[in-house]
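full-length UniProt numbering puts the first residue of the sequence shown at 1, with every later residue one more than the last.
Ideal Cβ positions, reconstructed from N, Cα and C, are used throughout, including at glycine.
The block underneath contains the structure these notes are about, expressed in structure tokens.
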Amino acid sequence: MTPDSGGFADVGLLTPVAVGHDAVVSDAAVAAALIEVEAALVRAAVALGLAPGSVGVAVERGADELRRTLDVAALAAEAVGGGNPVIPLVALLRTTVSDLDTDAAGWVHRGATSQDVVDSALALLVARACSAVSVDLGRVIAGLAALAAEHRDTVAVARTLGQHATPTTWGFRIAGWIAAVRAARTELRQACEALPAQLGGASGTLASFTALYGAETAARLPSAFAHELGLAAPELPWHVARRPLTRVGDAFTAVLDALGVIATDVALASRTEVGEAAEPAAPGRGGSSAMPHKRNPVLSVLIRSAALRAPGLAADLHRAAALAADERPDGAWHSEWPALRELLRGALGAAAAAAELAEGLTIDAGRATANLALTGGDVVSEQAKLTGSAGAPADYTGLAGRYVDEVLAAVRQERQQEEQ
Numbered sequence: 001m002t003p004d005s006g007g008f009a010d011v012g013l014l015t016p017v018a019v020g021h022d023a024v025v026s027d028a029a030v031a032a033a034l035i036e037v038e039a040a041l042v043r044a045a046v047a048l049g050l051a052p053g054s055v056g057v058a059v060e061r062g063a064d065e066l067r068r069t070l071d072v073a074a075l076a077a078e079a080v081g082g083g084n085p086v087i088p089l090v091a092l093l094r095t096t097v098s099d100l101d102t103d104a105a106g107w108v109h110r111g112a113t114s115q116d117v118v119d120s121a122l123a124l125l126v127a128r129a130c131s132a133v134s135v136d137l138g139r140v141i142a143g144l145a146a147l148a149a150e151h152r153d154t155v156a157v158a159r160t161l162g163q164h165a166t167p168t169t170w171g172f173r174i175a176g177w178i179a180a181v182r183a184a185r186t187e188l189r190q191a192c193e194a195l196p197a198q199l200g201g202a203s204g205t206l207a208s209f210t211a212l213y214g215a216e217t218a219a220r221l222p223s224a225f226a227h228e229l230g231l232a233a234p235e236l237p238w239h240v241a242r243r244p245l246t247r248v249g250d251a252f253t254a255v256l257d258a259l260g261v262i263a264t265d266v267a268l269a270s271r272t273e274v275g276e277a278a279e280p281a282a283p284g285r286g287g288s289s290a291m292p293h294k295r296n297p298v299l300s301v302l303i304r305s306a307a308l309r310a311p312g313l314a315a316d317l318h319r320a321a322a323l324a325a326d327e328r329p330d331g332a333w334h335s336e337w338p339a340l341r342e343l344l345r346g347a348l349g350a351a352a353a354a355a356e357l358a359e360g361l362t363i364d365a366g367r368a369t370a371n372l373a374l375t376g377g378d379v380v381s382e383q384a385k386l387t388g389s390a391g392a393p394a395d396y397t398g399l400a401g402r403y404v405d406e407v408l409a410a411v412r413q414e415r416q417q418e419e420q
């Protein structure tokens, strides 16, 4: 196979966490979103009475046809000339629409600039990734809640700086995981609900639309356009004000932070010498190419691989935002695209893996008890010192059970609200 054979597309060979979960951010999905944005701009013009309904019909038909026939690899090659895929895509869409209605072709991309289309398409992809990740996080929360309830009073040793500390419970530990995932999920939803469409024209002033339709109508067009896409209306064009993307980047990173803690704890607890936790078994999973006795915590490994990369990718988005010069960045904008997509891929894959992990994770109470006993009476030395008693206080896990109950009650309440 040579580089010219077409076999070097990224299908996830080196990012296994994303395989099977990243279709919503594939190159084909990006191209489809770009076409959807172009069609939405025409629909907005029709909705405002600027274009006849027949134009909208012709453009929708042309968009559908182009989605079916588009050669994404060829589009990518042609994108090099202008630095983005919108320029060759618009030419293709106009040709396709022209075959159906010559007059309608003139409405394609009318008044817009490439960044309007790319940014709006990215917002669509982010919104779709948010939805998928949020669903999987709901599964994570539900699975962990059941496990926390089951092990509310399963006493285990807490570890600080890698050493035995004081008694805790597995229910308490899992409740902490739940609280972090719930908080991250809320942050993600809020960031995604605020995702705006992008529409500013060549320099962000809406001058082209003002020239075409007049100032009052031009001012209404971004909101109508956003409505067609199911995105928030922009307060003003954000060509160089990149907070919408850095905010969602931060939110996805918070999700991966929370999932990374779970994966790290499970990987450590499933070590042979610890043996307190075990991932769900599946055919072909967890094996070693050299050591047939091993059962590796593969789900946790994959989740951690995404969590470890997330902060760097979020930093890339912030770096690009800080270097967004003039009215359109010269490279900083372009650098966002792969960073954002890799962050989405990691979150999509990690959330799916975490859902499977949470729904099938098992805790070995017997091993937890045995490990607790390794430290003997020293494990309750803190309580003995505080009370001045050589004997261990009866309630050596403190308020752990109450905290578990509060977290589980919050999960139930949230679930009831979502079902209403």
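Cut-off 6 Å between Cβ atoms - residues of its own chain near residue 321, not counting five sequence neighbours on either side
242 and 246
Distance, Cα to Cα, residue 262 vs residue 300?
8 Å
Based on the DSSP output, what are the partners of residue 159 in its beta bridges?
164
Cβ neighbour criterion (16 or more within 10 Å) applied to residue 17
buried
What number of angstroms, rounded off, separates the C-alpha of residue 66 from the C-alpha of residue 252?
32 Å
What runs of the alpha helix (DSSP H), each 4 residues or longer, lie entirely inside the region 279–339?
298–322
From residue 400 to residue 176, what does the alpha carbon distance come to, in whole angstroms?
10 Å
Pick helix, strand or coil for residue 169, following the three-state DSSP scheme.
strand
Inter-stretch contact at 8 Å, needing at least 3 Cβ pairs: the region 37–45 / the region 109–121:
yes
Extract the residue ranges of the alpha helix (DSSP H) inside the region 178–215, only unbroken runs of 4 or more that lie entirely within it.
207–213
CB contact flag (residue 222, residue 233, <8 Å):
yes
Of all the alpha helix (DSSP H) runs that stay within the bounds of the region 217–283, which reach a length of 4 or more residues?
243–269
Return the chain-ordered list of same chain residues with a C-beta closer than 8 Å to the C-beta of residue 424, the five sequence neighbours on each side being excluded.
As shown, the chain starts at 1 and ends at 420. That puts residue 424 outside it, with no answer to give.
Can you tell me whether residue 198 is buried or exposed? The criterion is at least 16 other CB atoms within 10 Å of its CB, across all chains shown.
buried
Report all residues from its chain with a CB closer than 6 Å to the CB of residue 136; omit the five preceding and five following residues, and keep chain order.
351, 352 and 355
Span of the alpha helix (DSSP H), counted from its first residue to its last, around residue 88:
86–98
Straight-line gap, residue 313 to residue 373 (C-alpha atoms, nearest Å)
43 Å
Would the region 361–378 and the region 151–165 be scored as touching if the rule is three or more Cβ pairs under 8 Å?
yes
What do you reckon, are the CB atoms on residue 255 and residue 184 nearer than 8 Å?
yes
Of all the options 259, 190 and 168, which has the alpha carbon lying nearest to the alpha carbon of residue 307?
259
Out of 30, 420 and 144, which one is the CA nearest neighbour of residue 172?
144
Length at least 4, wholly inside the region 35–94: the alpha helix (DSSP H) runs in chain order:
53–69 and 72–79
Using a Cβ-Cβ cut-off of 6 Å (strictly less than) and excluding sequence neighbours within five positions of residue 174, which residues of its own chain qualify?
144, 147 and 148
Taking the beta carbon of residue 68 as the centre, do at least 16 other beta carbons fall within 10 Å, making it buried, or is it exposed?
exposed
Cβ neighbour criterion (16 or more within 10 Å) applied to residue 96
buried
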